[in-house]
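Q: Going by my numbering, the first residue of the sequence shown is number 1, and it counts up by one from there.
Glycine residues also receive a C-beta, built at the ideal position from the N, C-alpha and C atoms.
Note that the coordinates shown come from a computational prediction; the quantities given were computed from them, not determined experimentally.
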Amino acid sequence: MRSSAHTVHDLVHTEKWLDACSVSNDPCQHHGYLGADCSCVCPAGTSGDQCQHKNMDYTGECQHKNMDYTGECQHKNMDYTGECQHKDMDYTGECQHKDMDHTEALIAKYLPYNAEITTETTISSPGYPMSMPEGTMYTIRITAPAGKKVSLKFNDFDIAARCTHAHVVGLCCLDGLEMRLDGKPTSGTWYCGKEITAGREFVSEDNVLVFFYHTLNYKKFYLTTSNKGYEAQVTFV
1 MRSSAHTVHD LVHTEKWLDA CSVSNDPCQH HGYLGADCSC VCPAGTSGDQ
51 CQHKNMDYTG ECQHKNMDYT GECQHKNMDY TGECQHKDMD YTGECQHKDM
101 DHTEALIAKY LPYNAEITTE TTISSPGYPM SMPEGTMYTI RITAPAGKKV
151 SLKFNDFDIA ARCTHAHVVG LCCLDGLEMR LDGKPTSGTW YCGKEITAGR
201 EFVSEDNVLV FFYHTLNYKK FYLTTSNKGY EAQVTFV
């Protein structure tokens, strides 16, 4: 098992490895893919021969252990070098004789667009309506007052369409928004392209709605994008 991020090159050529490895379907889970040596190349936060173990969720939170600056889960805390001496670290980077919420510190550094929303407002993707070629990834959790539900009505939604390559056909493999109307950290419904039309409304099952949003780092792969992202209204009903 190796760990890597998807690239357009990897996605296009995995089908060749399926034939070379004499398998009909990609056995790799959680968006991993089959590499040239017939082993699964797993995305960050997963492990196992088939990427079946999720060590880190979308929010950047590690399971049962902490995470250092490299994104690897470790049984240790960290300072500027990635390691603290017999103590934890606060947001200033100073080691203190106290505990630190490592998840919050790491989210602030690696997922700066993560957000908790508790008021009615307008939300949009970073830079909207301009495209964001550098890519992004974050989770937004919207909580309505007790007894009310979250309404998320989209004014605009414009990201990359679903992929058409044989091994990823129908997936939001470049850009995507996962909607979780139950507010739980479980798999929701994915949307990409222009699948959410202007005026479409999503209403939470209870008082919490969560969505995860990601776009490809087009600039890294010397690609361009003209997609605007999204804009939506948050109200409580």
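(1) Closer than 6 Å by C-beta to residue 150: which residues in its own chain qualify, once you throw out the five before and the five after it? Chain order, please.
(2) So the candidates are 173, 157 and 156; which of them puts its Cα closest to the Cα of residue 164?
(3) For residue 44, does the three-state DSSP call read helix, strand or coil?
(4) What span of residues does the beta strand (DSSP E) with residue 152 cover, start to end?
(5) Could you tell me if residue 157 is buried or exposed, where buried requires 16 or more neighbouring beta carbons within 10 angstroms of its beta carbon?
(6) Can you tell me whether residue 175 is buried or exposed? The criterion is at least 16 other CB atoms within 10 Å of its CB, across all chains shown.
(7) For the beta strand (DSSP E) containing residue 225, name the first residue and the last one.
(8) Spell out a yes or no on whether the stretch 114–131 and the stretch 224–231 are touching, meaning 3 or more CB-CB pairs, one atom from each, closer than 8 Å.
(9) Going by alpha carbons, who is nearest to residue 146 out of 166, 159 and 236?
(10) Please tell me whether residue 193 and residue 161 are closer than 8 Å, where the distance is taken between their beta carbons.
A: Taking the definition as stated:
(1) 142, 144, 204 and 209
(2) 173
(3) Reduced to three states, the DSSP call for residue 44 is coil.
(4) 150–158
(5) buried
(6) By the neighbour-count rule (16 or more Cβ atoms within 10 Å), residue 175 is buried.
(7) Unbroken run through residue 225: none, as it is neither H nor E.
(8) Note that the stretch 114–131 touches the stretch 224–231; at least 3 beta-carbon pairs, one per stretch, sit closer than 8 Å.
(9) Residue 146 has its Cα closest to that of 236, out of 166, 159 and 236.
(10) yes
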